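One structure below.
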Amino acid sequence: MLRTRRSRTLATATAVLLSLAATGCSKSAGGSDTAGSGSGTKAAAPITLAGSVTFNQANLAKLDAALKSALAGKDLSKVDIAMVVNVAADYWKAGQVGFLKGCSDLGIAKSKCTYFAPPNGKLTEQNSELETLRSQGVTGYSISAIDPTSAAGTIHTDVQKGISVLAIDSPLPGTDAASLYLGTPNYTAGFQAGTAMKQVLGGKGKVAVLVGSLTASNATQRIAGFEAALKGTKITVAQKVNDNLQASTATSDAETILANNPDVNGLYGVYSYDGPALAQAVTSAGKTASVHIVSDDSDAQTLKFIKSGVISGTVVQMPYQQGYTGAYILAAEKVLGKDRTMALVKPYLEKDGSTLSSGVGLVTKSDLDAYQSLESQLGIG
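Sequential numbering from 52 applies to the sequence shown in our numbering.
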């Protein structure tokens, strides 16, 4: 039987979430919660956000099964794969769990499945790890590149040597890894965030965007989608600030923005640590009743701020699946070859022909229990 315990669990979780979506599980996001405000500002009327936590689980479960079936009976002893991400953030812990579970389900030894997160989010740390992996004979790796431009040459050299490179989290256009991207359709995610911001601000206001990079394609695409969703409203984007992958910088930047721009009533945090960083800044400024936050990703602190209402909603990805399905794809490319692997992947790609979506969700206060139930069933947290 090719159907694993994990497949059954995922199918059950998917069915539960589809049922929740069908019955209209989304209620008030609690975005106007005034806990910890201390500002004396009158709270805005409650805003209802329509959350969704079904992702793309059903399609990816089918793909995983197809890849595992094609690998059945094959020798995987020479598979040596890695998952290399861009920063050591809570967000990626789910990716690590998924990657190691994918290796386990395929019967690949843990010693042949390396997970690496740069402790300080530095390019030198990521490059050093790639050098180490090459010296150890890695056959393929998935990567969320810190600097896609500088990574292009390295990726070209690795692909020429027969090493598979899979883009995750952020696409790698213009590189030898451009043909397949496993992750969130970032423009769609940004548009979702912009739509949520439009709702909580009632179509008018001034917003600042804080992000870990103003050049990474996942960031630029998300910001483009966010701004597109705001077109036709009276909401303007006042600033876009690069915090250089540092949560402390994001907090201080937000504090400065709020102090110098009293008319800013919305903050959008693009990277996973930005949500909690902005929530801390807004709380410290005593503006939880007047400044609305929309964030990305589901760090534990982000979810706590969702529960308290300081963050109105967060656009969530499925990093678990980027790890899990990523392990399957990298193993298949080594054993089956890239052409046969891509033939199996192709039916599940988005219209652009290169994006394998891990799904996009929006978690609000009323969707929090459903989302955390899914995480629990996948062994996250």
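Each residue gets a CB set at the ideal place from its N, CA and C atoms; glycine is no exception. Note that the coordinates shown come from a computational prediction; the quantities given were computed from them, not determined experimentally.
Close beta carbons around residue i, own chain, < 7 Å, minus the five adjacent residues each side
i           : result
residue 33  : Residue 33 falls outside the range modelled here, since the chain spans only 52 to 432, and no answer is possible.
residue 256 : 286, 316 and 317
residue 400 : 406 and 407
residue 355 : none
Residue from the options whose Cα sits closest to the Cα of residue i
i           : options               : result
residue 239 : 402, 416, 418 and 424 : 402
residue 179 : 205, 129 and 268      : 205
residue 154 : 109, 118, 265 and 242 : 118
residue 170 : 187, 191 and 140      : 140
residue 159 : 389, 125, 136 and 183 : 125
residue 229 : 217, 264, 386 and 247 : 217
residue 290 : 297, 283, 262 and 266 : 262
residue 142 : 130, 295, 132 and 168 : 168
residue 111 : 420, 413 and 398      : 398
residue 173 : 150, 294, 213 and 132 : 294
residue 279 : 246, 144 and 425      : 246
residue 303 : 281, 330, 134 and 109 : 330
residue 127 : 164, 116, 144 and 109 : 164
residue 268 : 425, 420 and 195      : 195
residue 420 : 357, 312, 258 and 311 : 357
residue 248 : 288, 423, 393 and 161 : 288
Inter-residue CB distance, residue i and residue j (contact presumed, cutoff 8 Å)
i           : j           : result
residue 328 : residue 301 : 4 Å
residue 361 : residue 319 : That pair is no contact at about 14 Å.
residue 242 : residue 260 : The pair is not a contact, with the Cβ atoms about 14 Å apart (cut-off 8 Å).
Own chain, CB closer than 8 Å to residue i, minus 5 neighbours either side, in chain order
i           : result
residue 430 : 148 and 152
residue 309 : 315, 332, 333, 336, 338 and 342
residue 298 : 324, 325, 327 and 328
residue 254 : 284, 285 and 286
Where residue i falls, given that 16 or more other Cβ within 10 Å makes a residue buried
i           : result
residue 74  : Per-residue confidence for residue 74 stands at a pLDDT of 34, beneath the threshold of 50, marking its modelled position as unreliable; the derived number appears in the next sentence. That one is exposed.
residue 370 : buried
residue 350 : buried
residue 384 : buried
residue 236 : buried
residue 183 : exposed
residue 416 : buried
residue 390 : exposed
residue 270 : buried
residue 113 : exposed
residue 188 : exposed
residue 264 : buried
residue 372 : buried
residue 212 : exposed
residue 71  : Reliability fails at residue 71, whose pLDDT of 37 lies under 50, so the model's placement of it is uncertain and the value that follows must be treated cautiously. Buried: at least 16 other Cβ atoms inside 10 Å.
residue 394 : exposed
residue 404 : exposed
Beta-carbon contacts of residue i that lie in its chain and below 6 Å, excluding the five residues immediately before and after
i           : result
residue 347 : 321 and 366
residue 378 : 150, 153 and 154
Cutoff 8 Å: residue i Cβ touching any chain D Cβ
i           : result
residue 360 : Absent from the structure: chain D. Only one protein chain is present.
Beta carbon of residue i nearer than 8 Å to that of residue j
i           : j           : result
residue 232 : residue 376 : no
residue 215 : residue 199 : no
residue 18  : residue 203 : With the chain represented from 52 up to 432, any question about residue 18 goes unanswered, as that position is not in the structure.
residue 386 : residue 130 : yes
residue 340 : residue 157 : no
residue 138 : residue 252 : no
residue 274 : residue 192 : no
residue 146 : residue 135 : no
residue 364 : residue 414 : yes
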